[in-house]
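Structure first, commentary second.
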Amino acid sequence: MEPKYWERRWADGETGFHRLTVNPYLERNLGFTGVHGGRVLVPLCGKSMDLDYFASLGFEVLGVELSEIAVRQFFDERGLSPTVRRVGAFEVYAHGPVSIACGDLFSLPEGDLVGILAFDRVTLVYDRAALIALPPELRTRYVETLRRVLPSSAVYLLLSLAFDETERGGPPFSVTRDEVMKQYGGWREVRCVETVDITSESPKLVERGATVVREDVYVMRPLPSVPS
1030 MEPKYWERRW ADGETGFHRL TVNPYLERNL GFTGVHGGRV LVPLCGKSMD
1080 LDYFASLGFE VLGVELSEIA VRQFFDERGL SPTVRRVGAF EVYAHGPVSI
1130 ACGDLFSLPE GDLVGILAFD RVTLVYDRAA LIALPPELRT RYVETLRRVL
1180 PSSAVYLLLS LAFDETERGG PPFSVTRDEV MKQYGGWREV RCVETVDITS
1230 ESPKLVERGA TVVREDVYVM RPLPSVPS
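Counted from 1, the sequence shown has number 1157 at position 128 by our numbering; the numbering is strictly sequential.
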């Protein structure tokens, strides 16, 4: 999927994926992570209200977002004037505890960018809509990108969407439990903490052939070390 796709969606105002409130799955399940502060990374963050929620809890917040329109709207809609600096391939907008790196997520491993943006201090990764926004051919690259730049101690909170479909479409794309285990099971302890059937609330996915639509919430921790 080309970056221009998302840039066009934001430019044309096709942002039905944007929530006007904090995601209730985040509110209900953050406690299961056991992470009560530190630095949270939110990949493909858009202008999400979830960033404000983390900041209100005392987290340092680092979002990564491709669309400059989304980043500017995040700060403009809150009446904030962020500082802007160039860091590698990114423009980093910052105000208070919230920073958003505007650029291509897959550029993260370049140069000393990781150290400058303090990825080594990330305690929590909140994937609210990143994995399901990516087609299958990009998912492993996405997961490996984060794995390379983040400390092994970071805990992941993943919100996923799973459905059957007779024809491929998306985004959003279906990410089943088997897919989650394929991507994370070899290096993460994966636990599903909530599952909700949202078929009746998903007419567009039903039109694509889905008969059951499910939202799953996962907490993923480092695998416990095995004594030698």
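Glycine is no exception: its CB is placed at the ideal position from the N, C-alpha and C atoms.
Predicted model, so just to flag it, every value in this text is computed and none were measured.
In its own chain, which residues sit with a C-beta less than 6 Å from the C-beta of residue i, not counting the 5 before and 5 after it?
i       : result
ARG1217 : MET1249
LEU1049 : none
VAL1069 : PHE1083, PHE1088, VAL1090, LEU1153 and TYR1155
ARG1150 : ARG1068
Look up residue i in the DSSP assignment and say whether it is helix, strand or coil.
i       : result
ARG1157 : coil
CYS1180 : Residue identity check: residue 1180 is Pro in the sequence provided, not Cys. Looking at PRO1180 - three-state DSSP - the assignment turns out to be coil, as it is neither helix nor strand.
GLY1144 : helix
GLU1106 : coil
PHE1061 : helix
LEU1163 : coil
SER1136 : helix
THR1169 : helix
GLY1206 : As written in the sequence, residue 1206 is Arg, which differs from the Gly given in the question. Helix, per DSSP.
LEU1234 : helix
PRO1053 : helix
PHE1083 : helix
ALA1239 : coil
Going by CA-CA distance only, name the one from the options that's closest to residue i.
i       : options                               : result
VAL1100 : LEU1086, ALA1084, SER1077 and ARG1115 : SER1077
PRO1253 : PRO1053, TYR1247, GLY1214 and VAL1222 : GLY1214
ILE1227 : ARG1243, ALA1239 and VAL1219          : ARG1243
LEU1187 : LYS1033, ARG1037 and ASN1052          : ASN1052
GLY1238 : THR1224, ILE1129, GLY1199 and ASP1245 : GLY1199
Going by DSSP, what residue range makes up the beta strand (DSSP E) through residue i?
i       : result
PRO1251 : 1242-1251
ASP1223 : Residue 1223 is actually Glu in this sequence, not Asp. Its beta strand (DSSP E) spans residues 1217-1226.
VAL1113 : 1112-1116
ARG1068 : 1068-1072
Shorter than 7 Å from the beta carbon of residue i to some beta carbon of chain D?
i       : result
GLY1066 : In summary, chain D is missing from the structure at hand, where a single protein chain is found.
On the premise that residue j lies in contact with residue i, defined as a C-beta separation below 8 Å, what is that separation, rounded to the nearest angstrom?
i       : j       : result
VAL1116 : ILE1145 : 5 Å
Please report the residue range of the alpha helix (DSSP H) in which residue i lies.
i       : result
ALA1123 : Segment 1119-1124 is the beta strand (DSSP E) holding ALA1123; no alpha helix (DSSP H) there.
VAL1127 : Premise fails: VAL1127 lies in the beta strand (DSSP E), 1127-1131, not in any alpha helix (DSSP H).
Leaving out five residues on either side along the sequence, give the residues of the same chain with a beta carbon under 7 Å from the beta carbon of residue i.
i       : result
LYS1211 : none
VAL1204 : LEU1160, ILE1161, SER1189, LEU1190 and ALA1191
Below 8 Å CB to CB, which residues in the same chain sit around residue i once its five sequence neighbours on both sides are set aside?
i       : result
LEU1055 : ASP1079, TYR1082, TYR1155, ARG1157, LEU1186 and LEU1188
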